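The block underneath contains the structure these notes are about, expressed in structure tokens.
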Amino acid sequence: RVASADRHEDFLQCLESQNFNSISKVIYTPINSSYSSVLQFSIRNSRFNTSATPKPLVIVTALNVAHIQATIRCSQKHGLEIRVRSGGHDYEGLSYVAVIVPFVVIDLINMRTVTVDVANKTAWIQTGATLGEVYYGIAEKSRTLAFPAGVCPTVGAGGHISGGGTSMIMRKYGIAVDHIIDAQLIDVKGRILDRASMGEDLFWAIRGGGGNTFGVVVAWKLELVPVPAIVTVFNVTRILTEQDATELVHRWQYAIEKFDDDLFSRIFIYRANSNQEGKIMIQAAFTSLFLGGVDRLLSLMQESFPELGLVKEDCIEMSWIESTVYSAQFPRNSSLDVLLSRRYSSSFFIGKSDFVTEPIPEIAFEGIWERLSQVGVHLAELQFTAYGGKMDEIAESSTPFPHRAGTLFQIQYAIIWFEESIEADAKYTSWIRELYSYMTPYVSKKPRQAYVNYRDLDLGVNNLGYTSYKQASIWGTKYFKNNFDRLVHVKTAVDPANFFRNEQSIPPLPSW
Ligand code: FDA
């Protein structure tokens, strides 16, 4: 404890000596009365907000690049590990929890400027901005420009884009990293690099190779994409007997292959209350965003998925920016200002992911319904997200995100609960693991792929000390397929001592 206290003091002195004097205003330690509120403000998973969760020695809510550089330098000098936090949505809490204590959090909440250049259809955004702030900033300047990133407005641009960034216009435009054209990064030596000075290998790696691995990304330059003035959304919920649900969901897998690129489609599947005869009912919410008006959408749906029975009354026309508010489930006609809110009702949450390359046979769905019906919890659901369209045209090696041609749809498994209890955690962990195991025959193989932004430490973790290429490739090839090798080479070149690391950061090759 004495050693830790000394390190703490030395580290703080180092920070203050490096940085004129403004940094002292943004340093929070456990003796500071605001420490807990600053730490907890961006914790999005209550599983990592308990008394047993390891807490940082210091949080630095950097105001500028110099604060980040100073924190990197002093952490290196005093042997402290760093965690970088943008929106705090990491499923495993890796942006604010570390196994090795003491550690330091660089929280980017104060670095969130969004500057949109309509004439050139670009924007520079600081990585502490949320996606909601980015969308709002774009909409202030144009209603026919957009950026293809995630649905939840409180997600941070830092972590989200570092891991890929799937969205409701990905079938038209690909994902967020496909539209990053420059970046500002602070590397392990504290240098400020842009695309030209970091070189194409490192620029490739930071666009999807996972956060907290190659340095601190301070800002991204986005290429904005055109959207029509009117888009159409629908969220059609069908409460079905198990058999009807099986037929409709099974059929969807074939329909999406024929969907127009302008049409995004996702199904949320969860258990509804049993019907009067006590039969299990499955609720399937078919959610879409269509880049066009309702009439064309209806005719496309009639051609490709008539079984859904979509009618005009199910559909709402609106602008793209309104669709971001709608998709985030704010009440209809909410002000766009809701996109700026960082308020988030935290719950206990576990998520996992899979990619499906062949339609899942009908028989397999019965096992899923059975498992959904057995778990008594606030919410257990599967999300099926259609791939295809533009995603098929982008080469697997174009960015570290490899889930491109051949992917039919993605699955996210999620379980959410509200009571803090070790028993509940153990029960729901084992439920989701068993479901994941059940799905093995029906999803991608060799490797069984997973999405790095739906971080899952069950896939494998690094050692506290040295981690071999072989060990890391267990989880690394699931997230990155063959791109894992190139990521390891970039990491070895830019951070050979593995300063930026976490349980699933790319390890460097040893120098011996
Ligand atoms: P957080 O701050 O926790 O960072 C995540 C990781 O990136 C950590 O390892 C962190 O250290 C690192 N990091 C953060 N900022 C960094 C920076 N500036 N430089 C270097 N490293 C940095 N995904 C998706 O693709 N589409 C979607 O629609 C959604 N929707 C969604 C909804 C909800 C409710 C949640 C909880 C999550 C999603 N996600 C998602 C997943 C999301 O993209 C993923 O969790 C991101 O990593 C979150 O980024 P944050 O910055 O919020 O997280």
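In terms of mature numbering (1 follows the signal peptide of the UniProt record, and there is no 0), the sequence shown is residues -5 to -1, 1 to 507.
C-beta atoms are modelled at their ideal positions from N, C-alpha and C, and glycine is treated no differently.
Given the structure is predicted, the values throughout are model-derived calculations rather than measurements.
{"Asked": "K72 versus K441 - alpha carbon distance", "Found": "42 angstroms"}
{"Asked": "T161: CB within 6 angstroms of a non-hydrogen atom of ligand 1", "Found": "yes"}
{"Asked": "Whether A200 touches V485 by CB criterion (7 angstroms)", "Found": "yes"}
{"Asked": "Reduced DSSP category for C310 - H, G, I as helix; E, B as strand; rest coil", "Found": "strand"}
{"Asked": "Test item: CB-CB of Q179 and V213 under 7 angstroms", "Found": "yes"}
{"Asked": "Where C446 falls: helix, strand or coil (DSSP)", "Found": "Sequence inspection shows Tyr at residue 446; the Cys mentioned does not correspond to that position. Coil at Y446, not helix or strand."}
{"Asked": "Residue interval of the alpha helix (DSSP H) (run including Q35)", "Found": "30 to 36"}
{"Asked": "DSSP state of K347 mapped onto helix, strand, coil", "Found": "strand"}
{"Asked": "Length of the line joining the Cα atoms of F98 and L89", "Found": "12 angstroms"}
{"Asked": "Reference D85; option with closest CA among H245, Y461, I120, F343", "Found": "F343"}
{"Asked": "Where L10 falls, given that 16 or more other Cβ within 10 Å makes a residue buried", "Found": "buried"}
{"Asked": "Close-in-space but distant-in-sequence residues of the same chain around V320 (CB under 7 angstroms, 5 per side omitted)", "Found": "S329, L331, V333, L334"}
{"Asked": "Own chain residues within Cβ distance below 6 angstroms of D102, not counting five before or after", "Found": "I54, T56, R80"}
{"Asked": "DSSP three-state assignment for F6, whether helix, strand or coil", "Found": "helix"}
{"Asked": "Which residues DSSP lists as bridging F404, in chain order", "Found": "V351, A381"}
{"Asked": "Option nearest A359 by Cα separation, candidates A240, A124, Y30, D480", "Found": "A240"}
{"Asked": "For R233, three-class secondary structure by DSSP", "Found": "strand"}
{"Asked": "Residue 509 CB to nearest heavy atom of ligand 1 below 6 angstroms", "Found": "Because the chain spans -5 through 507 in this model, residue 509 falls outside it and cannot be assessed."}
{"Asked": "With 16 other Cβ atoms within 10 Å as the buried cut-off, status of K20", "Found": "exposed"}
{"Asked": "Sub-7 angstroms separation of P356 and L286 beta-carbons", "Found": "no"}
{"Asked": "Range of the contiguous beta strand (DSSP E) that encloses I176", "Found": "175 to 181"}
{"Asked": "F259 beta carbon less than 7 angstroms from that of S283", "Found": "yes"}
{"Asked": "Collapsed DSSP secondary structure at D102 in the structure displayed", "Found": "strand"}
{"Asked": "Three-state secondary structure (DSSP) of T149", "Found": "coil"}
{"Asked": "Same chain only: Cβ atoms within 7 angstroms of I417, ignoring 5 sequence neighbours per side", "Found": "none"}
{"Asked": "Where V438 falls: helix, strand or coil (DSSP)", "Found": "coil"}
{"Asked": "Alpha-carbon to alpha-carbon, A280 and D290", "Found": "21 angstroms"}
{"Asked": "Any non-hydrogen atom of ligand 1 within 6 angstroms of L75 CB", "Found": "no"}
{"Asked": "Burial state of S392, where buried means 16 or more other Cβ atoms lie within 10 Å", "Found": "exposed"}
{"Asked": "Residue 509 versus K307, F475, D5, T66, residue with shortest Cα-Cα distance", "Found": "Here the chain has residues from -5 to 507 only, and residue 509 is not among them."}
{"Asked": "N59 to R138 span [Cα, whole Å]", "Found": "31 angstroms"}
{"Asked": "Neighbourhood of T487 by C-beta distance below 7 angstroms, restricted to the same chain and skipping five residues each side", "Found": "P503, L504"}
{"Asked": "Proximity of K307 and Y431 at Cβ, strictly below 7 angstroms", "Found": "no"}
{"Asked": "Proximity below 7 angstroms, CB of Q378 to CB of F263", "Found": "yes"}
{"Asked": "Member of G203, M165, Y446 whose CA lies at the smallest distance from the CA of R481", "Found": "G203"}
{"Asked": "Per-residue burial, L126 [other beta carbons within 10 Å of its own, 16 or more giving buried]", "Found": "buried"}
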